[in-house]
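Student: This is the structure I want to talk about, given as structure tokens.
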């Protein structure tokens with residue numbers, strides 16, 4: 439996996455005139471009412487984000503459709519997943535998709551485009567989903583008033599870099615069983631941070647996508663899942679996963695899974711008890 443080349447100064451540098459896009463007219467989108475608002479944005483900043491119309495619009499994406507494609511113009515925007523899930527991918531020299539990440543509600547996408555003119559990867563919806571389109575331009579306007587918001591995005595960028603480094607470390611230094619176990623535990627922790635069940639969730643990505651992300655074969659993924667089931671660590675039925683022994687999974691992962699950041703754990707509780715996105 440390639441390391442992120444995010445330009446951290448992008449937030450404080452106004453875009454050149456030829457790439458500037460005016461905020462779209464229309465009603466302001468209130469971030470304070472969003473179920474994943476506290477994952478995406480601290481509660482103290484929701485009114486600021488609403489007032490400056492940081493979220494330009496909400497976009498619904500049907501399962502299997504692209505949110506954006508590899509090489510497509512960036513358009514000076516990035517995205518927050520409101521509900522649903524996505525996979526992001528590169529193309530190898532032979533034109534085959536290589537999965538580089540999975541994104542669920544509250545995650546941000548296209549952060550790696552800061553300072554670039556075209557998308558470095560493509561994003562496909564794994565289920566019917568909705569995203570908030572966020573404009574960088576709004577962050578440049580009235581910059582003094584938006585300093586707390588800009589600081590928040592610096593933190594987001596740092597987390598994105600750390601996530602990519604952790605993923606690269608996992609792929610380089612672990613056995614196949616460790617990779618899959620750490621992957622499942624990571625999803626479990628991400629759901630828990632959003633107020634969903636950490637022990638019962640659905641994997642919307644295919645076995646092929648999981649295998650590609652982890653550097654395995656689909657057959658290996660199926661065999662390893664059967665092995666974890668045989669050990670009484672989890673139950674698997676199709677894409678539904680039930681964790682039976684989280685401590686046992688953690689031992690197998692060998693320390694390659696870290697809990698989510700503290701601010702992610704402070705999200706309000708959604709009404710659903712079981713997660714349906716991955």
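In the numbering used here, the protein residues as written are 439 to 716. The beta carbon of each residue, even a glycine, is placed where N, CA and C say it ideally should be.
1. Would you report the Cα separation of residue 494 and residue 504, rounded to the nearest angstrom?
2. Which same chain residues end up closer than 8 Å to residue 536 when comparing Cβ atoms and leaving out the 5 residues on each side of it in sequence?
3. From residue 603 to residue 648, what does the alpha carbon distance come to, in whole angstroms?
4. Could you check the C-alpha separation between residue 474 and residue 520 for me, to the nearest Å?
5. Mapping the DSSP letters down to three states, classify residue 510 as helix, strand or coil.
6. Tell whether a beta-carbon distance below 8 Å holds between residue 621 and residue 666.
7. Applying the 10 Å Cβ sphere with the 16-neighbour rule, what's the burial state of residue 687?
8. Quick check on this structure: which residue in 642, 635 and 612 has the alpha carbon closest to the alpha carbon of residue 694?
9. Ordered along the chain, which non-local residues of its own chain (more than five positions away) have a Cβ less than 8 Å from that of residue 509?
10. Check this for me: beta carbons of residue 679 and residue 641, under 8 Å apart or not?
11. I'd like the ranges of any alpha helix (DSSP H) spanning at least 4 consecutive residues and lying wholly in the segment 593-643.
12. Below 8 Å on the Cβ atoms is my guess for residue 548 versus residue 524; work out the distance and round it to an integer in Å.
13. So the candidates are 497, 692, 685 and 585; which of them puts its Cα closest to the Cα of residue 571?
14. Measuring alpha carbon to alpha carbon, tell me which residue in 663, 615, 644 and 636 is nearest residue 690.
15. Measuring alpha carbon to alpha carbon, tell me which residue in 492, 522 and 550 is nearest residue 562.
16. Going by alpha carbons, who is nearest to residue 539 out of 625, 586 and 470?
17. May I ask you to report which of helix, strand or coil DSSP gives residue 673?
18. Look at the alpha carbon of residue 575 and the alpha carbon of residue 552, and state the distance between them as a whole number of angstroms.
19. What does DSSP give as the partner residue(s) for residue 570 in the beta ladder?
20. Can you tell me where the beta strand (DSSP E) holding residue 695 begins and where it ends?
21. Just the C-alpha distance for residue 628 and residue 639, rounded to the nearest angstrom, thanks.
22. Taking Cβ positions, are residue 663 and residue 674 nearer each other than 8 Å?
23. Could you give the first and the last residue of the continuous alpha helix (DSSP H) run that contains residue 689?
24. If you follow the alpha helix (DSSP H) that residue 659 is in, where does it begin and where does it stop?
25. How far does the beta strand (DSSP E) with residue 652 in it extend, from its first residue to its last?
26. For residue 541, collect the residues of the same chain with a Cβ closer than 6 Å to its Cβ; drop the 5 residues on either side in sequence, then sort them by chain order.
Tutor: A quick look at the data gives this:
1. For the purposes of this step, residue 494 is taken as the residue at position 56 of the chain shown. For the purposes of this step, residue 504 is taken as the residue at position 66 of the chain shown. Straight across, the Cα-Cα distance linking residue 494 with residue 504 is about 19 Å.
2. Working through the chain shown from its first residue, we reach residue 536 at position 98. Leaving aside the five residues that flank residue 536 on each side, the residues in its chain whose CB is nearer than 8 Å to its CB run, in chain order, 527, 528, 529, 530 and 650.
3. Within the chain shown, numbered from 1, the residue matching residue 603 stands at position 165. Within the chain shown, numbered from 1, the residue matching residue 648 stands at position 210. Their Cα atoms are separated by approximately 18 Å.
4. Indexing the chain shown from 1 puts residue 474 at position 36. Indexing the chain shown from 1 puts residue 520 at position 82. Spanning the two alpha carbons is a distance of roughly 7 Å.
5. For the purposes of this step, residue 510 is identified with residue 72 of the chain shown, where counting begins at 1. The answer is coil: DSSP assigns residue 510 none of H, G, I, E or B.
6. Stepping through the chain shown from its first residue, residue 621 is reached at position 183. Stepping through the chain shown from its first residue, residue 666 is reached at position 228. Against a cut-off of 8 Å, the Cβ pair of residue 666 and residue 621 comes out as no contact.
7. Here residue 687 refers to the residue found at position 249 when the chain shown is read from its first residue. So residue 687 ends up on the buried side.
8. Position 256 of the chain shown holds residue 694. Here the closest residue by C-alpha is 612.
9. Counted from its first residue, the chain shown places residue 509 at position 71. So the list reads 556 and 557, once near-sequence residues are dropped.
10. For the purposes of this step, residue 679 is taken as the residue at position 241 of the chain shown. For the purposes of this step, residue 641 is taken as the residue at position 203 of the chain shown. With contacts defined as CB atoms closer than 8 Å, residue 679 and residue 641 qualify as a contacting pair.
11. As far as the segment 593-643 is concerned, its whole alpha helix (DSSP H) runs of at least 4 residues are 614-631.
12. Numbered from 1 along the chain shown, position 110 holds the residue referred to as residue 548. Numbered from 1 along the chain shown, position 86 holds the residue referred to as residue 524. Incorrect: roughly 10 Å between the Cβ atoms, too far for contact.
13. As a first step, residue 571 is located in the chain shown; it is residue number 133 there, counting from the start. Closest in alpha carbon position to residue 571, among 497, 692, 685 and 585, is 497.
14. Along the chain shown, one-based indexing puts residue 690 at 252. Answer by Cα proximity: 615.
15. On the chain shown, position 124 is the one that residue 562 refers to. Distances from the alpha-carbon of residue 562 to those of 492, 522 and 550 put 522 closest.
16. Counting from one through the chain shown, the residue named residue 539 turns up at place 101. Among 625, 586 and 470, the Cα nearest to that of residue 539 is on 625.
17. The sequence position of residue 673 within the chain shown is 235, counting from 1. Here residue 673 sits in strand by DSSP.
18. Here the question's residue 575 lines up with position 137 in the chain shown. Here the question's residue 552 lines up with position 114 in the chain shown. Taking the straight line joining both Cα atoms gives about 12 Å.
19. Within the chain shown, residue 570 is the residue found at index 132, counting from 1. As DSSP reads the structure, residue 570 sits in a beta bridge with 496 and 518.
20. The count along the chain shown starts at 1 and reaches residue 695 at position 257. It is not in any beta strand (DSSP E) - residue 695 carries neither H nor E in the DSSP assignment.
21. As a first step, residue 628 is located in the chain shown; it is residue number 190 there, counting from the start. As a first step, residue 639 is located in the chain shown; it is residue number 201 there, counting from the start. Residue 628 and residue 639 have their alpha carbons spaced roughly 11 Å apart.
22. Along the chain shown, one-based indexing puts residue 663 at 225. Along the chain shown, one-based indexing puts residue 674 at 236. Cβ atoms of residue 663 and residue 674: closer than 8 Å.
23. Looking up residue 689 in the chain shown gives position 251. First-last of the alpha helix (DSSP H) with residue 689: 684-691.
24. Reading the chain shown from its first residue, position 221 is the one you call residue 659. Start and end: 656-668.
25. As a position in the chain shown, residue 652 is number 214, starting the count at 1. Segment 645-652 is the alpha helix (DSSP H) holding residue 652; no beta strand (DSSP E) there.
26. Here residue 541 is taken as the residue at index 103 of the chain shown, counted from 1. Once the five neighbours on either side are set aside, the close Cβ partners of residue 541 are 519, 524 and 547.
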